[in-house]
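Student:
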Amino acid sequence: MGLIAGPTLAGALAPAPTYPATAGAAGDETPEHTIAVVGSGKVTVVPDQATIRLGVVLERPTAKAARQAGAAAMTKVVAAIRKLGIEERDIATSSVSLGPIYDWRNNTQRIRAYQLTNIVTVTVRDLEKLGDVLDDGVTAGATSVEGITFDVADRNAAEAQAREAAVKDAKAKAETLATGVGVRITGVASMSESVSTPIWYDRQFAGAAVAEDAATPILAGSTDVTISVSVTFLIG
5 MGLIAGPTLA
15 GALAPAPTYP
25 ATAGAAGDET
35 PEHTIAVVGS
45 GKVTVVPDQA
55 TIRLGVVLER
65 PTAKAARQAG
75 AAAMTKVVAA
85 IRKLGIEERD
95 IATSSVSLGP
105 IYDWRNNTQR
115 IRAYQLTNIV
125 TVTVRDLEKL
135 GDVLDDGVTA
145 GATSVEGITF
155 DVADRNAAEA
165 QAREAAVKDA
175 KAKAETLATG
185 VGVRITGVAS
195 MSESVSTPIW
205 YDRQFAGAAV
215 AEDAATPILA
225 GSTDVTISVS
235 VTFLIG
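Residue 224 in the numbering used here sits at position 220 of the sequence shown, and the numbers go up by one each step.
So this is what it looks like as structure tokens:
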């Protein structure tokens with residue numbers, strides 16, 4: 005028992021370990037003092053292009069029949085869009101799904117039909133054609149329009165202006181805070197930015213209703229290019 009008590013007592017009398025203070029780690033004797041702010045800049049632009057998502061949704065008794073009917077319908081839709089001068093590179097399949105639809109009969113689940121959904125994304129670089137793309141696509145067999153995105157083809161100039169405004173906004177906020185507490189800005193510790201996404205207009209249409217009505221008017225209006233910057237300023 006003496007052999008057990010000896011080490012236990014020695015451990016109890018051993019001095020507690022010491023750890024260096026965080027501020028002294030890696031040679032930093034004093035912590036840096038900072039002010040963190042978020043600045044934002046916005047530039048309003050007139051969109052010059054749009055992205056529209058057209059879909060074919062149909063049901064057939066068998067999976068093969070649904071696939072074949074969907075392929076035939078979408079082929080007609082794409083052909084109608086191409087006739088408007090939309091280039092092949094601006095038409096892309098975004099999703100295709102095929103699955104069973106069930107019914108309950110006599111407490112038994114049975115397959116009633118198979119549903120196929122085929123969605124294509126169309127980039128329209130001439131906004132005057134946007135209404136025609138919608139109308140002709142629906143007339144050719146599209147049964148849904150999932151949404152329209154308006155944007156500018158070249159965002160670089162607008163983003164540069166918005167970025168400059170965001171940085172100025174962040175600096176002005178930091179200087180106001182620094183002056184208020186009697187310090188001055190000495191540098192920048194870190195900076196990051198985020199760019200807003202284009203405005204998405206969700207629209208759902210019934211194919212027959214759109215096809216039978218007059219030409220669908222779609223107005224782009226204007227959209228905002230917004231940039232936010234998060235800046236941590238050094239103060240002293």
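Don't be surprised by glycine CBs; every beta carbon is placed ideally from N, CA and C.
What are the start and end residues of each continuous beta strand (DSSP E) run of 3 or more residues lying completely inside the region 171 to 203, in chain order?
Tutor: Complete beta strand (DSSP E) runs here, min 3: 189 to 199.
Student: For the structure I just gave you, are there three or more beta carbon pairs, one from the region 71 to 89 and one from the region 54 to 61, closer than 8 Å?
Tutor: Contact between the region 71 to 89 and the region 54 to 61 is present, because at least three Cβ pairs lie under 8 Å.
Student: Which same chain residues, not among the five before or five after Asp94, have their C-beta less than 8 Å away from its C-beta?
Tutor: Closer than 8 Å at the Cβ level, and outside the excluded window around Asp94, lie Val126, Thr127, Val128, Arg129.
Student: Taking all protein chains shown into account, decide if Ser196 is buried (16 or more other Cβ within 10 angstroms of its Cβ) or exposed.
Tutor: Label assigned to Ser196: exposed.
Student: Across the region 220 to 234 and the region 168 to 176, are there enough close Cβ pairs to call them in contact, namely three or more that are closer than 8 Å?
Tutor: Judged by Cβ distances under 8 Å, the region 220 to 234 makes contact with the region 168 to 176, as three or more pairs qualify.
Student: Just grab the DSSP bridge partners of Val128 for me.
Tutor: Bridge partners of Val128: Ala54.
Student: Given that a residue counts as buried once 16 or more other Cβ atoms are within 10 Å of its Cβ, and exposed if not, what is Ala54?
Tutor: By the neighbour-count rule (16 or more Cβ atoms within 10 Å), Ala54 is buried.
Student: Can you find at least 3 beta carbon pairs, one from the region 102 to 121 and one from the region 62 to 78, that sit closer than 8 Å?
Tutor: Yes: the two stretches touch, three or more of their Cβ pairs being nearer than 8 Å.
Student: Under a three-way DSSP split, which group does Gly240 fall into?
Tutor: Three-state result, Gly240: coil.
Student: What did DSSP end up calling Pro21 once you bin it into helix, strand or coil?
Tutor: The predicted position of Pro21 is uncertain, since its pLDDT is 41 and thus under 50; a value taken from the coordinates is nonetheless stated next. Residue state, collapsed to three classes: coil.
Student: If you draw a straight line from the C-alpha of Ala162 to the C-alpha of Val50, how long is it?
Tutor: C-alpha separation (whole angstroms): 11 Å.
Student: Using only CA atoms, which one of Thr183, Lys175, Trp108, Leu134 lies nearest to Arg257?
Tutor: In the structure displayed, the chain extends from 5 to 240; residue 257 sits before or after that span and is not available.
Student: Would you mind working out which of Leu131, Val192, Gly191, Ala75 sits nearest Asn122, comparing C-alpha positions?
Tutor: Nearest of Leu131, Val192, Gly191, Ala75 to Asn122, Cα basis: Ala75.
Student: Comparing alpha-carbon positions, which option in Asn111, Asp136, Thr48, Phe154 lies nearest Gly89?
Tutor: Taking only the C-alpha atoms, the option nearest Gly89 is Asp136.
Student: Give the secondary structure of Ala117 by DSSP, where H, G and I count as helix, E and B as strand, and everything else as coil.
Tutor: Ala117 falls in the strand class under three-state DSSP.
Student: For Ala166, does the count of other Cβ atoms within 10 angstroms reach 16, so buried, or fall short, so exposed?
Tutor: Flag for Ala166 reads buried.
Student: Give me the Cα-Cα distance between Asn111 and Asp140, rounded to the nearest whole angstrom.
Tutor: Distance between the alpha carbons of Asn111 and Asp140: 44 Å.
Student: Is it buried or exposed for Gly211, if we count other Cβ within 10 angstroms and need 16 for buried?
Tutor: At Gly211 the pLDDT is 45, less than 50, meaning the model places this residue with poor confidence; the figure from the coordinates comes in the next sentence. Buried.
Student: Please classify Val81: does DSSP put it in a helix, a strand, or coil?
Tutor: Helix at Val81.
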